[in-house]
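Protein chains in written order, with this note's numbering: chain A, 1 to 115; chain B, 116 to 232. Using N, Cα and C, we set each Cβ at its ideal position, and we do this for glycine too. Bear in mind that the values here come from a model prediction, so they are computed numbers and not experimental data. Below: one structure, written as structure tokens.
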Amino acid sequence: DQQVKQNSPSLSVQEGRISILNCDYTNSMFDYFLWYKKYPAEGPTFLISISSIKDKNEDGRFTVFLNKSAKHLSLHIVPSQPGDSAVYFCAASAGGIQGAQKLVFGQGTRLTINP
Amino acid sequence: GAVVSQHPSRVICKSGTSVKIECRSLDFQATTMFWYRQFPKKSLMLMATSNEGSKATYEQGVEKDKFLINHASLTLSTLTVTSAHPEDSSFYICSARDTLSGANVLTFGAGSRLTVL
């Protein structure tokens, strides 16, 4: 049972354009969502997060949008840069910011930024 | 920021042998660490929660006798793959949360790629 789904295994975007990565979840108990970025042979690194009490969180070029009714979140990267090429994982947890630390991950989306 | 070190990064072993992977929090104490496994082109799957000074909590379907976890100190957790078989070949990643940094942000190690011949 895949509780967090990233239905696009890969995405290719031209440098300077907007990259939009999508994530869907099924567990209504999830109340904290994170995006991680992973380079080959490295562990994931935290990118940005959002609590269920918000519908948008922005940090520089990265913005995460949350639609609770649709159980959907997305990560927007604008403008996209070649260094953004990596695998992006969506993750979710229940129990709030200081609550449960167990993360459920999506399958990941490989983003390629073309010069 | 918080750093989690994992060792070894790569290990090749013969079938039937045991392999130990170490996970250290370098600049913070972690009462809880998490071990994940990643299959090719798949998501990170939580294997177990490692608790300092007590037994690990394993996720459903994970063999506790196969994957031994020891969390003897606030900065070190080890995962031992016992009697390894080729199907145990995978990318194993540990993580920990620096409670002082706030939020529900896990810091991950660089991972250990295990290849069982």
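Any chain B beta carbon closer than 7 Å to residue i
i	result
P79 (chain A)	no
Q107 (chain A)	yes
E58 (chain A)	no
F46 (chain A)	yes
G43 (chain A)	yes
Any C-beta of chain A under 7 Å from that of residue i
i	result
A211 (chain B)	no
V134 (chain B)	no
L159 (chain B)	yes
A225 (chain B)	yes
V220 (chain B)	yes
I208 (chain B)	yes
Alpha-carbon spacing of residue i relative to residue j, whole angstroms
i	j	result
T230 (chain B)	S85 (chain A)	27 Å
N114 (chain A)	L21 (chain A)	16 Å
G176 (chain B)	A70 (chain A)	30 Å
R17 (chain A)	L11 (chain A)	12 Å
A117 (chain B)	P201 (chain B)	33 Å
Q121 (chain B)	N185 (chain B)	14 Å
G95 (chain A)	F33 (chain A)	11 Å
I48 (chain A)	Y39 (chain A)	16 Å
Q3 (chain A)	N27 (chain A)	6 Å
D55 (chain A)	F65 (chain A)	6 Å
R246 (chain B)	L221 (chain B)	The structure shown does not extend to residue 246 (chain B), since chain B is modelled only from 116 to 232, so the question has no answer here.
V13 (chain A)	F154 (chain B)	26 Å
Residue nearest to residue i in terms of C-alpha spacing, selected from the options
i	options	result
T112 (chain A)	A:G95, A:C23, A:P82	A:P82
C23 (chain A)	A:R17, A:K102, A:K68	A:K68
M118 (chain A)	A:L103, A:G16, A:S8	Here chain A covers residues 1 to 115 and nothing more, so residue 118 (chain A) does not appear.
T172 (chain B)	B:W150, B:T190, B:A199	B:W150
S205 (chain B)	B:S227, B:L189, B:S169, B:C128	B:S227
T63 (chain A)	A:W35, A:A94, A:A70, A:R110	A:W35
R125 (chain B)	B:T222, B:Y207, B:L221	B:Y207
D31 (chain A)	A:F46, A:S93, A:L66	A:S93
D142 (chain B)	B:N166, B:T195, B:V119, B:L183	B:V119
G60 (chain A)	A:S51, A:H76, A:S52, A:P9	A:H76
Y88 (chain A)	A:Y25, A:P44, A:Q14	A:P44
K129 (chain B)	B:D203, B:D213, B:E167	B:D203
Under 7 Å between C-beta atoms of residue i and residue j
i	j	result
S80 (chain A)	S19 (chain A)	yes
A211 (chain B)	M148 (chain B)	yes
A199 (chain B)	T132 (chain B)	yes
S111 (chain B)	F105 (chain A)	Outside the displayed range of chain B (116 to 232) lies residue 111 (chain B), so it cannot be described from this structure.
T197 (chain B)	K181 (chain B)	yes
Residue i CB to nearest heavy atom of the ligand GDP below 6 Å
i	result
S8 (chain A)	Absent from the structure shown: the ligand GDP. Ligands present: none.
Select from the segment 162-183 of chain B all residues with a C-beta closer than 8 Å to any C-beta belonging to chain A, and list them in chain order.
-> Contact annotation: in the segment 162-183 of chain B, residues whose CB is within less than 8 Å of a CB in chain A are T164.
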